[in-house]
Amino acid sequence: MNLQRVCCLVTLSQVMKVASLRGFQSVAVLARDKRAELRLNTAVVYRCCSTVQGEVRVRFAPSPTGFLHLGGLRTALYNYIFAKKYGGTFILRLEDTDQNRLVPGAAESIEDMLEWAGIPPDESPRRGGPLGPYLQSQRLDLYSRIAQELVERGHGYYCFCSPQRLELLKREALRAGQTPRYDNRCRHLRADQVQAKLAQGALHVIRFRLEAGVEPFQDLIFGWNRHEVAQVEGDPVVIKADGFPTYHLANIVDDHYMNISHVLRGSEWLISTSKHLLMYRALGWQPPTFGHLPLLMNSDGSKLSKRQGDIFIEYFCREGVLPEALLDITTNCGSGFTSKR
55 MNLQRVCCLV TLSQVMKVAS LRGFQSVAVL ARDKRAELRL NTAVVYRCCS TVQGEVRVRF
115 APSPTGFLHL GGLRTALYNY IFAKKYGGTF ILRLEDTDQN RLVPGAAESI EDMLEWAGIP
175 PDESPRRGGP LGPYLQSQRL DLYSRIAQEL VERGHGYYCF CSPQRLELLK REALRAGQTP
235 RYDNRCRHLR ADQVQAKLAQ GALHVIRFRL EAGVEPFQDL IFGWNRHEVA QVEGDPVVIK
295 ADGFPTYHLA NIVDDHYMNI SHVLRGSEWL ISTSKHLLMY RALGWQPPTF GHLPLLMNSD
355 GSKLSKRQGD IFIEYFCREG VLPEALLDIT TNCGSGFTSK R
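So the mapping is simple: this note's numbering equals the position in the sequence shown, first residue as 1, plus 54.
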């Protein structure tokens, strides 16, 4: 692991570790005033992937398709402490675009649990803020406008393929032992064909045109990465048939318009980052700095599952676990410290 990545990891981990030992209410003070005690070399951190330039704005953006669990709490905690360390802003944004899977009460509970844990957002659906709304379902006009921009610039197109055809493509790929992918058929429709189908009211989605030539990017934790997504994936949907955006479009649009400087999220999104950078490039936008956090795992190495009732923060709250104790546990998970407390 190179020096730059070590600096980033140590910076975040040390702040979290000392904060948990000293009492979480003192996190902001520690991050601001105790840099010598934490042995943070600010000059080195500034050189680390140019990570801190200008105002720091980070976001925790869960989907209210479930309640806040340990993995989500840790991601929120990293973002909260990073913001406080650099005098920045911590934003809660709820990505509620998958309307069929929304869980009643989850949106309110997520913000409740962040407040209970002592890491309240500065801007959120409940608190408001200058760059809201903070519910994606209230930003549909913006996503539609940006998707139209992609189409007009030649980076997006209308797709009229039926669910039945897409399912057939998937089955044929699996039968051949291949990874299912869209064959980009509608890329090649002529403008008059597209207009005729739209005039007929044909059901459609909007897809983003993936191109070769992905530029490498430096992740704050995983270092240099590059995924030639056009070689292994079909063109992704950015606006669904119901008019709602997919994660890939809504995510970059909101990060851009909310002035997000750093995206600290789970490592499951690392492979999608090259795709997102292609979209930033197509729109002529400056991307944020990315840092992908390793996932929390069970002791047997398996992924945490929402079917495990004891991973939800509400469970610990009901059981009388103190927020400070839960944060102490969370900061030690995956931190690299060898303490067996």
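Ideal Cβ placement from N, Cα and C applies to all residues, glycine included.
Bounds of the alpha helix (DSSP H) holding TRP170 are 160-170. In the displayed model, PRO179 falls within coil according to three-state DSSP, outside both helix and strand. Cα atoms of LEU347 and ASN279: separation of roughly 14 Å, rounded to the nearest angstrom.
Shown here, LYS294 sits in coil according to DSSP, grouped into three states, outside any helix or strand. The continuous alpha helix (DSSP H) containing ASP382 extends over residues 377-386. Of the candidates GLY172, ARG229, PRO175, ASP150, ASP150 places its Cα closest to the Cα of ARG193. Taking 7 Å as the cut-off, the beta carbon of VAL307 is found closer than this to the beta carbon of TYR197. Going by C-alpha positions, GLU162 is about 15 Å away from ILE145. Here the alpha carbons of GLY210 and GLY267 stand approximately 17 Å from one another. Per the coordinates, the alpha-carbon of ALA250 lies some 37 Å from the alpha-carbon of TRP323. Counting along the chain, the unbroken alpha helix (DSSP H) around TYR134 starts and ends at 124-139.
When DSSP assignments are scanned along the region 230-271, the uninterrupted stretches of beta strand (DSSP E) that are 3 or more residues long and fall wholly within it turn out to be 259-262.
Of all alpha-carbon atoms in SER117, GLY125, SER191, the one lying nearest the alpha-carbon of LYS357 is that of GLY125.
The Cβ-Cβ distance between ASP166 and THR143 does not fall below 7 Å. Only buried fits GLN190, as 16 or more other CB atoms lie within 10 angstroms of its CB. Look at VAL112 here: in three-state DSSP terms it is strand. Annotated three-state conformation of ASN154 is helix, per DSSP.
In the DSSP assignment, LEU196 falls within the unbroken alpha helix (DSSP H) covering 194-206.
In this structure the region 211-226 lies against the region 252-270, because at least three pairs of beta carbons, one per stretch, are closer than 8 Å.
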